[in-house]
Amino acid sequence: MERSNVTFVVEFILLGLSELPNFRRLLFAIFLVIYISILIGNGLLIVITKTNPALQTPMYFFLGNFSFLEICYTSVTLPRMLRDLWNQKGNISFLSCALQTCFLYILGVAECLLLAVMAYDRYVAICKPLYYSLIMNHKVCVQLVIASWITGIPVLIGLTYEIFSLNFCSSNKLNHIFCDAPPLLEVACGETYQKELSVHVAALLFVMIPFLLIIMSYVKIITTILRLPSNSGKLKAFSTCSSHLMVVGLFYVSGSIVYLRPKSSHSAMSDKVFSLFYTIVTPVFNPMIYSLRNRDVILALRKLFTK
8 MERSNVTFVV EFILLGLSEL PNFRRLLFAI FLVIYISILI GNGLLIVITK
58 TNPALQTPMY FFLGNFSFLE ICYTSVTLPR MLRDLWNQKG NISFLSCALQ
108 TCFLYILGVA ECLLLAVMAY DRYVAICKPL YYSLIMNHKV CVQLVIASWI
158 TGIPVLIGLT YEIFSLNFCS SNKLNHIFCD APPLLEVACG ETYQKELSVH
208 VAALLFVMIP FLLIIMSYVK IITTILRLPS NSGKLKAFST CSSHLMVVGL
258 FYVSGSIVYL RPKSSHSAMS DKVFSLFYTI VTPVFNPMIY SLRNRDVILA
308 LRKLFTK
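Spelled out as structure tokens, the structure:
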């Protein structure tokens, strides 16, 4: 492609929810309430899992870390979305766009891996209860959390570099709510097949492999639960897993639809809706799911508020 058809992009314009210009103030209010809810809800889970003696177990250690991760993940996108809705501007510098994309991917992959770790924790607790304290000791738990955070960093930094090393055509408008690979590849010049393939490979590696590990863990968990002699034992075992399964479903289904479906089936509006699901809906529902379905968490919250 000739150089005249290529422009040096110094900033992008995020179109966001420009399809709804008359609802900007309403959307700002809704997303602000959601962001505050995410900060308060997940913040409370972090506090009680760190301070309540009854919650000093591996399951709640992972839950506290997952809640912190949810806050970080949402903070990569929501504050800028709020700014854009308030100012009615969507400009973002080239460097800020690259950093947002990179952190979004790193934190997203960390969530996938941590969800797999939480599934493994439930597998050991239910299928190997006699060895649980030995296998899931504090040192192992810390190592698993650190591994979840750092495993994907080199690959994802490389993937981000690949995407932003492309030449971009005359339009710098991204029809999305935040910087992401699909809208960036749409405005890139020349052949982008190799970059698209890299995105799909990374998604398969860091999204589908943890998901398969979760499925394998729960197949063994369910098989073990069904063998329990008492119905009360079965219900108790299922209740410890149901909250985690609901969070997994919300996060993985929406994320997989965005990154793993064929390009021909993409539409800008559907991408925005599903992106909102895995970046906003899952973090806001995470505290509710674990609070409403977990007696220990409810008791810990009551104790916290009575203090």
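If you're matching positions, the sequence shown starts at 8 in our numbering and goes up one per residue.
Cβ atoms here follow ideal geometry from the backbone N, Cα and C, with glycine treated the same way.
On a predicted model such as this, the values are computed, not experimentally measured, just so you know.
I'd like the list of long-range same chain contacts for residue i, defined as Cβ closer than 6 Å, with 5 residues on each side in sequence excluded.
| i | result |
| --- | --- |
| V291 | I41, S44, I45 |
| Y259 | F218 |
| Y80 | L114 |
| N59 | A307 |
| L111 | V83 |
| Y225 | none |
| W156 | A117 |
| F68 | C148 |
Would residue i pass as a contact of residue j if the rule is Cβ separation under 8 Å?
| i | j | result |
| --- | --- | --- |
| C196 | N182 | no |
| D91 | G23 | yes |
| S250 | Y297 | yes |
| I229 | K241 | no |
| T56 | L70 | yes |
| I221 | A307 | no |
| N293 | V254 | yes |
| L311 | V124 | no |
| V214 | S100 | no |
| G50 | M295 | no |
| A132 | Y139 | yes |
| A209 | V162 | yes |
| L191 | E203 | no |
| C134 | K227 | yes |
| F30 | W93 | no |
| M223 | E26 | no |
Let me know the secondary structure DSSP gives residue i once reduced to three states.
| i | result |
| --- | --- |
| L102 | helix |
| K135 | coil |
| M8 | Because M8 carries a pLDDT of 40, less than 50, the predicted location of this residue cannot be relied on, and no value is offered for it. |
| K317 | Outside the modelled stretch of the chain, which goes from 8 to 314, sits residue 317, for which no answer is possible. |
| V13 | In this prediction, V13 scores a pLDDT of 49, lower than 50, which makes its location untrustworthy; the coordinate-derived value is nonetheless stated afterwards. Reduced to three states, the DSSP call for V13 is coil. |
| I20 | strand |
| F175 | strand |
| L181 | strand |
| D303 | helix |
Could you round the C-beta distance between residue i and residue j to whole angstroms and report it? I think they count as a contact, below 8 Å.
| i | j | result |
| --- | --- | --- |
| A117 | L76 | 6 Å |
| L120 | F38 | 27 Å between Cβ atoms; not a contact. |
| Q107 | C186 | 5 Å |
| L252 | F284 | That pair is no contact at about 17 Å. |
| S172 | V194 | About 14 Å; that fails the 8 Å criterion. |
Got a sec? Which residues, its chain only, sit under 7 Å from residue i by beta carbon, not counting five neighbours each side?
| i | result |
| --- | --- |
| S205 | L166, E169 |
| I164 | C109 |
| G97 | I20, L21, L22, G23, D91 |
| L62 | I55, T56, D303, A307 |
| N72 | L121, V152 |
| C104 | F19, C186 |
With 16 other CB atoms within 10 Å as the buried threshold, where does residue i fall?
| i | result |
| --- | --- |
| T286 | buried |
| V149 | exposed |
| R302 | exposed |
| Y200 | exposed |
| L52 | buried |
| T289 | buried |
| A154 | exposed |
| R234 | exposed |
Between residue i and the rest of its own chain, which residues show a CB-CB distance below 8 Å, the 5 nearest in sequence each way excluded?
| i | result |
| --- | --- |
| S11 | Below a pLDDT of 50, predicted positions are generally treated as unreliable, and S11, at 45, falls in that range; no measurement from the model is reported. |
| M143 | P65, D128, V131, A132 |
| L212 | V162 |
Mind checking whether the beta-carbon of residue i lies closer than 7 Å to any heavy atom of the ligand MN?
| i | result |
| --- | --- |
| P28 | No copy of the ligand MN appears in this structure; indeed no ligand is present at all. |
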